[in-house]
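Residue numbers (our numbering): 470 to 640. Encoded as C-alpha cells, the structure appears first; notes follow it.
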Amino acid sequence: MSQKEKTYEEVTDAKDMIKSLCEKYPDELWAVRPDAIIVLGINNKERPEKNTRLATCNPIKGINKALMMLNNIGIRYVIEVYWSDWNEWTNKQKLALLFHELMHIDNEIGKTVRHDLEDFRMMIDKLGVDWFGNKDLPNLLDTKIDFNLTMRPNVPEDGNLEINTGDEITE
C-alpha cells in the first residue's frame, strides 16, 4: 500500500512572525535571513500520533537548490508544519515554535544546527523544559526575553558572526 504524497500550502502569517522575531532578537537569531525561509503547511493529512516532532527545518540542497537559484528564488530553508496543528496552536505557541526552528539555521547556509539538549539550552533556560505545553508561555514579540547569548548553539568557536550565503551551486 503506498502512502499518500504530502501536499503543501504556504503558511503566510509565519513570514511576518519570522521577520518580527528576527527584529526583536537580532543577537539570538543572528544567522537567520527571514527572506530565505518559507514555512509550508501539510494540508492533506494530520501529524501521526506517534510523531512527536511538531515541525522540521530543512535546508534546500542539491537539485532543489539549483532549481531555486536558476529561477532567482532566494529560499534556502523550509520549515514544515501540519496545518491541522498550526490551526490549533495559540499565537504564543506558534512564535515559540518558529523561534525554535529558526535556532536550527546555521551561519553556513545549507547546514543546520542540532539540538544541544534535544532542544536548545538557550530556550529551556528562559522558557522551561516543557515550553510548548506551558499555558503561561510568554509572547516572544510582546515580551523581550533576556536570552543568555553564551548558550547560542550556532556561534563558531572563533566568535565570527559572519554569514556564509551559500549562493554558489555545488553538488
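Backbone N, C-alpha and C fix where the C-beta goes; we use that ideal spot for every residue, glycine too.
In the structure shown, the three-state DSSP call for residue 556 is coil. Residue environment analysis places residue 583 among the exposed positions, since fewer than 16 neighbouring C-beta atoms fall within 10 angstroms of its C-beta. Going by DSSP, residue 478 is part of the beta strand (DSSP E) stretching over 477-479.
Per the coordinates, the alpha-carbon of residue 617 lies some 16 Å from the alpha-carbon of residue 490. For residue 531, the uninterrupted alpha helix (DSSP H) run begins and ends at 531-539, by DSSP. Residue pairing by DSSP places residue 527 opposite 547 in a beta bridge. A Cβ-Cβ distance of about 5 Å is found for the pair residue 571 and residue 498, placing them in contact under the 8 Å criterion. Per DSSP, residue 507 is one residue of the beta strand (DSSP E) stretching across 506-511.
With contacts defined by Cβ atoms closer than 8 Å, residue 555 and residue 510 form a contacting pair.
Nearest C-alpha to residue 621 among 492, 515, 496, 565: 496.
Annotation: residue 614 is outside any alpha helix (DSSP H) and is labelled neither H nor E by DSSP. The Cβ atoms of residue 476 and residue 526 do not sit closer than 8 Å to each other. Contact between the region 539-557 and the region 593-608 is absent: fewer than 3 CB-CB pairs across the two stretches fall below 8 Å. Between the C-alpha atoms of residue 557 and residue 480 there is a straight-line separation of about 14 Å.
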